[in-house]
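Single-structure report; data block below.
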Amino acid sequence: MTDTCILFFIKYPTPGNVKTRLGKVIGEEVATSLYRHFVQDMLKGFEKVESQLRICYAPCGTENPEKDFRDWLGPQYTYREQVGDDLGERMKHAMQAAFDEGFQRVIIIGSDVPDFPPELLTKAFLDLDMQEAAVGPSYDGGYYLIGFRKDTFIPEVFDNIPWSTRDVYQATLKKIHAADLELIRLPDWNDVDTIWDLNLLFRTNRNSSFRKSSTYAILREHSKLIREYDVDLPSHCRLDED
Numbered sequence: 005m006t007d008t009c010i011l012f013f014i015k016y017p018t019p020g021n022v023k024t025r026l027g028k029v030i031g032e033e034v035a036t037s038l039y040r041h042f043v044q045d046m047l048k049g050f051e052k053v054e055s056q057l058r059i060c061y062a063p064c065g066t067e068n069p070e071k072d073f074r075d076w077l078g079p080q081y082t083y084r085e086q087v088g089d090d091l092g093e094r095m096k097h098a099m100q101a102a103f104d105e106g107f108q109r110v111i112i113i114g115s116d117v118p119d120f121p122p123e124l125l126t127k128a129f130l131d132l133d134m135q136e137a138a139v140g141p142s143y144d145g146g147y148y149l150i151g152f153r154k155d156t157f158i159p160e161v162f163d164n165i166p167w168s169t170r171d172v173y174q175a176t177l178k179k180i181h182a183a184d185l186e187l188i189r190l191p192d193w194n195d196v197d198t199i200w201d202l203n204l205l206f207r208t209n210r211n212s213s214f215r216k217s218s219t220y221a222i223l224r225e226h227s228k229l230i231r232e233y234d235v236d237l238p239s240h241c242r243l244d245e246d
């Protein structure tokens, strides 16, 4: 699927710049290490998706941010700096740039869903052949993924959204419905920002392939602390009680 593109939105992993809510509980160094592994595990998953990939990195205040990201993740990827004053502007710019580059189906995905199956990304791209937009809601009221075809893209879907609130998904949904687009709703997923999200990530993946990931190895190391922040699992999540 050479006409498809994944736009992977990431930040540079320095203490205090990523996973700050987690850092207040498990320490900034551990939280930063976890984020590094989130990104690296997701990149491994993307290798299973037949699509082009653009790593869209947030400015990190250094002289040569692209070099910093290349030194971290490697020269094999194509990098694009995020442009815009808020998340909406950055996503709108990145998606429009990808369509201008010639891609026909584009999906933006965040870096906070390390256990998201790459098979669902492949399915979303295939579904976009028939449907007009795709959104993956997160449990916190936002979304972890959004995608469009070139001929159905509505840039205003990113305008005037109350970012970092529980209303992000619903506000986005209203814009998609107002444009009368046929929507693919992907499964609700756990967007990992808090210690409770981390607990959920740990508990719901005891029997999944994700338990072989580098992220899960760190979760095991800190399992005693993570278990202190127990949560009720969503009804559709499977739990291996031991």
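Residue numbering for the sequence shown follows this note's numbering, starting at 5 and increasing by one per position.
Note that CB positions come from ideal geometry on N, CA and C, so glycine has one too.
- Comparing alpha carbon positions, the residue from 199, 178, 152 closest to residue 188 is 152.
- Listed as beta-bridge partners of residue 85 by DSSP are 61.
- When DSSP reads this structure, residue 8 sits in a beta bridge with 109.
- Take residue 96, set aside five residues on each side of it, and the residues of its chain with a beta-carbon closer than 6 angstroms to its own are 159, 162, in chain order.
- Take residue 171, set aside five residues on each side of it, and the residues of its chain with a beta-carbon closer than 7 angstroms to its own are 145, in chain order.
- Taken through DSSP and simplified to helix, strand or coil, residue 53 comes out as coil.
- 23 is the residue among 23, 12, 7 whose C-alpha sits nearest the C-alpha of residue 197.
- Using a Cβ-Cβ distance cut-off of 8 angstroms, the stretch 63-74 and the stretch 82-102 are in contact, since at least three pairs of beta carbons, one from each stretch, lie closer than that value.
- Residue 151 sits in a strand when the DSSP states are folded into three classes.
- Excluding the 5 residues flanking it on each side, residue 25 has same chain C-beta neighbours closer than 6 angstroms at 197, 198, in chain order.
- In the structure shown, residue 165 adopts coil according to DSSP, grouped into three states.
- The Cβ atoms of residue 77 and residue 113 do not sit closer than 8 angstroms to each other.
- Cβ contact annotation for residue 102 (same chain, cutoff 7 angstroms, sequence separation greater than five): 9, 11, 58, 110, in chain order.
- With fewer than 16 other beta carbons inside 10 angstroms of its own, residue 231 counts as exposed.
- Secondary structure of residue 102 (DSSP, three-state): helix.
- Taking all protein chains shown into account, residue 75 has fewer than 16 neighbouring C-beta atoms within 10 Å of its C-beta and is therefore exposed.
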